[in-house]
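Take 1105 as the starting number for the sequence shown in this note's numbering and just add one per residue. Where a beta carbon is used, it is the ideal one built from N, C-alpha and C, also for glycine.
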Amino acid sequence: MNRQASAPASYVVGDEEWELCNEDGFIYKRLKLPEETAAGEASKPPDPDLDPAEEERNRRKRKTRILVKLKRKYQREIDHWEILSNNLCAMQEKANQFQNSVPEATSSIEIGKQIEKDASSRRSLLLDELLSMEEAREGIIQNVSQVCEIAEEISRVEEEEEKEMFFNLPVWGTPKDLMASLCYD
1105 MNRQASAPAS YVVGDEEWEL CNEDGFIYKR LKLPEETAAG EASKPPDPDL
1155 DPAEEERNRR KRKTRILVKL KRKYQREIDH WEILSNNLCA MQEKANQFQN
1205 SVPEATSSIE IGKQIEKDAS SRRSLLLDEL LSMEEAREGI IQNVSQVCEI
1255 AEEISRVEEE EEKEMFFNLP VWGTPKDLMA SLCYD
């Protein structure tokens, strides 16, 4: 099969480097592979002429590269969960503070009732209490919505990673190549 492949154009998004590939008019993007693996190092069988010590060094380099990549991935996920955990703890603290302030407000209302029998002062105290309760609820709702937005962002990123696995599939020339690849996997 005659494959016309132009030189891929590369660009950086975030901490990942991407490349655009054009193969027979089919244009797609993929994560740029390190130069060693781009040359096919990982797919070719071990060279029998290679020194066993050299093979071991190459194997360790590949293993180190893979482990560093996994570490970065899991560290990003841990950071997301830490943010969610911190937000949840902050929300719980605010809720506890609110609950502690409500009994104080009711006791101040009772004292106010005993001291002042005036109906207008009781109404204003009650309105102040209700207003403070609603403001606290509004704060809780805003915190929950922030946590929901963070959770949606995490799920969106995970979904994009899932999709990316399918976008990075190799392109086969014939159905026989496809079947051979599927049977091999």
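Query, Result
"Residue nearest to G1277 in terms of C-alpha spacing, selected from F1202, F1271, S1285", "S1285"
"Whether I1187 touches I1254 by CB criterion (8 angstroms)", "yes"
"Of the listed residues C1252, L1234, R1166, N1162, nearest to M1195 (C-alpha basis)", "C1252"
"C-alpha gap between P1279 and K1267, whole angstroms", "23 angstroms"
"Nearest-angstrom beta carbon gap, L1135 and E1120 [assumed within contact, 8 angstroms]", "6 angstroms"
"Nearest-angstrom beta carbon gap, V1275 and E1127 [assumed within contact, 8 angstroms]", "6 angstroms"
"Within 8 angstroms, strictly: CB atoms of N1191 and N1247", "yes"
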